[in-house]
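Asks: Below are the structure tokens for one structure; questions will follow.
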Amino acid sequence: MSTDVDNNSSVASSVWIGRRAFLIGAVGLLAVPGQALAQGTKRTFKLEERFLPQRIVSPYDYPAGTIVVVPRDKYLYLVTGDGRARRYGIGVGKAGLAFTGSALIGRKAKWPSWRPTDNMIRRDPKKYARYAGGVPGGPNNPLGSRALYLYRNGRDTLYRIHGTNEPWTIGKAVSNGCIRMVNEHVQDLYERVPVGAQVVVI
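The structure is reproduced here in structure tokens:
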């Protein structure tokens with residue numbers, strides 16, 4: 023499989039993240055080598071090059087505009103046509119492992135609000151009960167800067183492709199959530215796909 027890393031994507035391999043970075047930069051990520059700032063705490067990480075957005079030969083034969091999510095490989099593909107696709111690295115939560123099959127993007131949101139599911143609250147009330155009323159959109163919100171909501175037969179599946187305020191979890195299995203992406207990467211995907219786009223999870 024041939025890969026050509028986008029020139030502007032290589033800068034995203036190391037980032038500062040957090041309230042100060044969001045307010046200063048007005049973007050999800052700022053390129054500062056080797057550091058991440060999340061909820062006021064410095065955390066060093068470096069995103070592996072294979073998880074940066076890349077134009078590749080598509081391994082899947084779907085129509086252009088289809089999103090293909092492969093949780094076991096920690097990749098999301100946007101099929102672009104002519105045998106090519108744009109590949110992104112993802113982190114996969116338990117909900118992401120439980121969902122398979124086809125859906126449509128029913129809606130999109132910038133800086134979405136978030137509420138833990140009832141199951142999350144029951145499983146770990148000490149951690150999640152205080153958020154039962156919801157968390158407004160912003161840099162400390164677990165859904166990050168963008169969210170794509172998946173629907174089947176006109177109904178919300180509760181499955182999301184979204185950003186994250188924990189970018190070091192990309193490429194990993196994470197405890198909660200659906201499919202998470204680096205904020206800068208999900209912003210790129212958000213601008214490339216319309217409401218109604220098909221999503222296939224395999």
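Heads up, the sequence shown is in the numbering used here, so the first residue is 23 and it goes up one at a time. Quick reminder that beta carbons are idealized off the backbone N, C-alpha and C, glycines included.
With C-beta atoms as the reference, is Val-114 less than 7 Å away from Ala-195?
Replies: Yes, the pair counts as a contact, with Cβ atoms nearer than the cut-off.
Asks: Comparing C-alpha positions only, which one of Pro-85, Thr-88, Leu-100 and Ala-86 sits nearest to Arg-77?
Replies: Closest by alpha carbon: Leu-100.
Asks: Any beta-carbon of chain C closer than 7 Å to the one on Ile-143?
Replies: Absent from the structure is chain C; it holds one protein chain and no more.
Asks: If you drop the 5 nearest sequence neighbours on each side, which residues of the same chain put their C-beta closer than 6 Å to that of Leu-172?
Replies: Ala-125, Thr-179, Tyr-181 and Val-221.
Asks: What does the Cβ neighbour count give for Tyr-212, buried or exposed, with the cut at 16 atoms within 10 Å?
Replies: Answer is buried; the Cβ neighbour count reaches 16.
Asks: With DSSP as the reference, label Asp-178 as helix, strand or coil.
Replies: Asp-178: strand per DSSP, three-state reduction.
Asks: Given a threshold of 16 other Cβ atoms within 10 Å of its Cβ, counted over all protein chains shown, does Lys-148 qualify as buried or as exposed?
Replies: Classification of Lys-148: exposed, given that the 10 Å Cβ count is below 16.
Asks: Can you tell me which of the three DSSP states Ile-192 falls into?
Replies: Here Ile-192 sits in coil by DSSP.
Asks: Express the C-alpha separation of Leu-69 and Glu-188 in angstroms, rounding to a whole number.
Replies: Taking the straight line joining both Cα atoms gives about 12 Å.
Asks: What do you reckon, are the CB atoms on Gly-111 and Ile-192 nearer than 7 Å?
Replies: Cβ distance < 7 Å, so Gly-111 and Ile-192 count as in contact.
Asks: Does Gly-156 pass the burial test, meaning 16 or more other C-beta atoms within 10 Å, or should it be called exposed?
Replies: The residue in question, Gly-156, is exposed, as its Cβ has fewer than 16 Cβ neighbours within 10 Å.
Asks: With distance defined between alpha-carbon atoms, name the residue in Tyr-82, Val-217 and Ile-224 nearest to Ala-262.
Replies: Outside the displayed span of the chain (23 to 224) sits residue 262, for which this structure offers no information.
Asks: Assuming Trp-190 and Phe-73 are in contact, meaning their beta carbons sit under 8 Å apart, how far apart are those beta carbons, in whole angstroms?
Replies: That pair is no contact at about 11 Å.
Asks: Report the partner residues of Val-222 according to the DSSP bridge assignment.
Replies: For Val-222, which the question treats as bridged, DSSP gives the partners Val-90 and Ser-124.
Asks: Apply the 10 Å Cβ neighbour rule to Thr-226 and answer buried if 16 or more other Cβ atoms are within range, or exposed otherwise.
Replies: The question about residue 226 has no answer, for the chain in this structure spans 23 to 224.
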